[in-house]
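Asker:
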Amino acid sequence: MKIVLVHDDFCQSGGAESLFATIAQLFPKAPIFTSLVDWTKLPKSISQKRVKTSFIQKIPFSKILYKLLLPFYPLAFETFDFTKYDLVISSTTRFAKSVLTKPQTTHICYINSTPRFLWEEKAQNEYLPSLFISFFKPLLRWLKRWDLVSASRVDFYIANSKNVAARIKKYYGVDAKVIYPFANLDLFKPPQIHNWELKSQNYLLMVSRLVKWKKIETAIRAAQKTNKNLKIAGDGPDKTRLQKLASGSKNIEFLERVDTQTLINLYQNCQALVVTQEEDFGIATVEAQACGAPVIAYKRGGQSEIIKDGKTGILYKEQSVGSLQDAINRSSEVKWEISACRRNALRFSKSQFTKSFKEFINVHAPK
Numbered sequence: 001m002k003i004v005l006v007h008d009d010f011c012q013s014g015g016a017e018s019l020f021a022t023i024a025q026l027f028p029k030a031p032i033f034t035s036l037v038d039w040t041k042l043p044k045s046i047s048q049k050r051v052k053t054s055f056i057q058k059i060p061f062s063k064i065l066y067k068l069l070l071p072f073y074p075l076a077f078e079t080f081d082f083t084k085y086d087l088v089i090s091s092t093t094r095f096a097k098s099v100l101t102k103p104q105t106t107h108i109c110y111i112n113s114t115p116r117f118l119w120e121e122k123a124q125n126e127y128l129p130s131l132f133i134s135f136f137k138p139l140l141r142w143l144k145r146w147d148l149v150s151a152s153r154v155d156f157y158i159a160n161s162k163n164v165a166a167r168i169k170k171y172y173g174v175d176a177k178v179i180y181p182f183a184n185l186d187l188f189k190p191p192q193i194h195n196w197e198l199k200s201q202n203y204l205l206m207v208s209r210l211v212k213w214k215k216i217e218t219a220i221r222a223a224q225k226t227n228k229n230l231k232i233a234g235d236g237p238d239k240t241r242l243q244k245l246a247s248g249s250k251n252i253e254f255l256e257r258v259d260t261q262t263l264i265n266l267y268q269n270c271q272a273l274v275v276t277q278e279e280d281f282g283i284a285t286v287e288a289q290a291c292g293a294p295v296i297a298y299k300r301g302g303q304s305e306i307i308k309d310g311k312t313g314i315l316y317k318e319q320s321v322g323s324l325q326d327a328i329n330r331s332s333e334v335k336w337e338i339s340a341c342r343r344n345a346l347r348f349s350k351s352q353f354t355k356s357f358k359e360f361i362n363v364h365a366p367k
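In the UniProt record's numbering, the protein residues as written are 1 to 367.
(1) For the segment 311 to 331 and the segment 218 to 231, state whether three or more C-beta atom pairs, one from each stretch, are separated by less than 8 Å.
(2) Give me, in chain order, the residues of the same chain whose beta-carbon lies closer than 8 Å to that of Lys-239; leave out the 5 immediate sequence neighbours on both sides.
(3) Quick one: residues in its chain with C-beta nearer than 6 Å to the C-beta of Asn-301, no 5 flanking neighbours on either side, listed in chain order?
(4) Ignoring anything shorter than 3 residues or poking outside the segment 17 to 71, list the beta strand (DSSP E) runs there in chain order.
(5) Is the CB-CB distance between Pro-43 and Glu-17 below 8 Å?
(6) Relative to the alpha-carbon of Thr-83, which residue among Ser-45, Lys-358 and Lys-2 has its alpha-carbon at the smallest distance?
(7) Buried or exposed: where does Asn-362 fall if 16 or more other Cβ atoms within 10 Å of its Cβ makes it buried?
(8) Quick one: what does DSSP say Ser-90 is sitting in, helix, strand or coil?
(9) Taking 8 Å as the cut-off, does the segment 150 to 160 touch the segment 104 to 111 (at least 3 CB pairs, one atom from each stretch)?
(10) Does DSSP put Val-334 in a helix, a strand or coil?
(11) By how many angstroms is the C-alpha of Pro-294 removed from the C-alpha of Ser-332?
(12) Kindly indicate which three-state DSSP category Leu-143 falls into: helix, strand or coil?
(13) Are the CB atoms of Lys-41 and Ser-13 nearer to each other than 8 Å?
(14) Using 8 Å as the cut-off, can you tell me whether the segment 201 to 216 makes contact with the segment 180 to 189, which would need three or more C-beta pairs spanning the two stretches below that distance?
(15) Taking DSSP's pairing of strands, which residues face Thr-106 in a bridge?
(16) According to DSSP, is Lys-162 part of a helix, a strand, or is it coil?
(17) Since Phe-281 and Tyr-180 should fall inside the 8 Å C-beta cutoff, what is the C-beta to C-beta distance between them, to a whole number of angstroms?
(18) When the Cβ atoms of the segment 29 to 40 are set against those of the segment 52 to 62, are three or more pairs found closer than 8 Å?
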């Protein structure tokens, strides 16, 4: 059986790329097709020789201006020739599911997220620079119709959470099998101190890209009202606005992006991780739990599938400062069990992901 793998692009290093690298390891002989590659962002476990790019790769400055090349992505994926393959496995948040195959070819698609910038108007302002929004509005409407049509080219869908599976059903009208992503549980571990009261837990933590839809200002205002220390690890286009909002608050610290060991230390010693927005899944939530930290999170989204409310964290109902403030105060009164948080995270292991993924492929691949 001839297998080919497809991924949106390699223009950033994130959870989707890490997960795809694991899929690529399961099928080491399969070539990898993608629209565009920044070779410095390609996962180290993937050989450059395996990667086939589209014509977008040859467009000057494409690695910098890739978001402005939206009109070209449909053509980029539709021009790949997959006639000699029996099984296509795609991984996507945007366009990779749109590849064309012959009728007897099976296409299995792993969805990390539906394309928010097409289906959620508020996300358009995050995906595109404000100067280009008006110009791209007609294009986005066309891409939304194209996304719906191209979704029918997939034979079987896998979603990274029940939350994403619900959106696949809502937008595309099809069901999806849920197979959760994983965290590196060998790397993200609890501190040697297993007594919660002995932990250095004098701060709340946020780990996030600094973009408006993440609602980070909710945590900033809650920290200001509760006078709790808040460390924010991450970078992004909303950084300047958030720093101005936190100006004068000595209890709020922006850490930029941090290396892995620093991140582990932050997880291990925080009072709680704070999640203020509806996440597709929430890998930071799993990492924090793996390190023994509770999570205070907005109740909607993938994080609600991870946290055991009252046992490994607190889920608050309203996306408001007051609701988060109450959750922070409640969390401060709990003597959390580090071991309970860790046990909860063990559900999201690499071995469980690969087992479930291979089983799904074996059932649905052409015989």
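Quick reminder that beta carbons are idealized off the backbone N, C-alpha and C, glycines included.
Answerer: Taking the coordinates as given:
(1) yes
(2) Leu-210 and Phe-254
(3) Inspection of the sequence shows that residue 301 is occupied by Gly rather than by Asn. If we look at Gly-301 and ignore the five residues flanking it on each side, its Cβ neighbours are Asn-163, Glu-278 and Glu-279.
(4) 32 to 34 and 51 to 53
(5) yes
(6) Lys-2
(7) exposed
(8) strand
(9) yes
(10) coil
(11) 11 Å
(12) helix
(13) yes
(14) no
(15) Leu-87
(16) helix
(17) 7 Å
(18) yes
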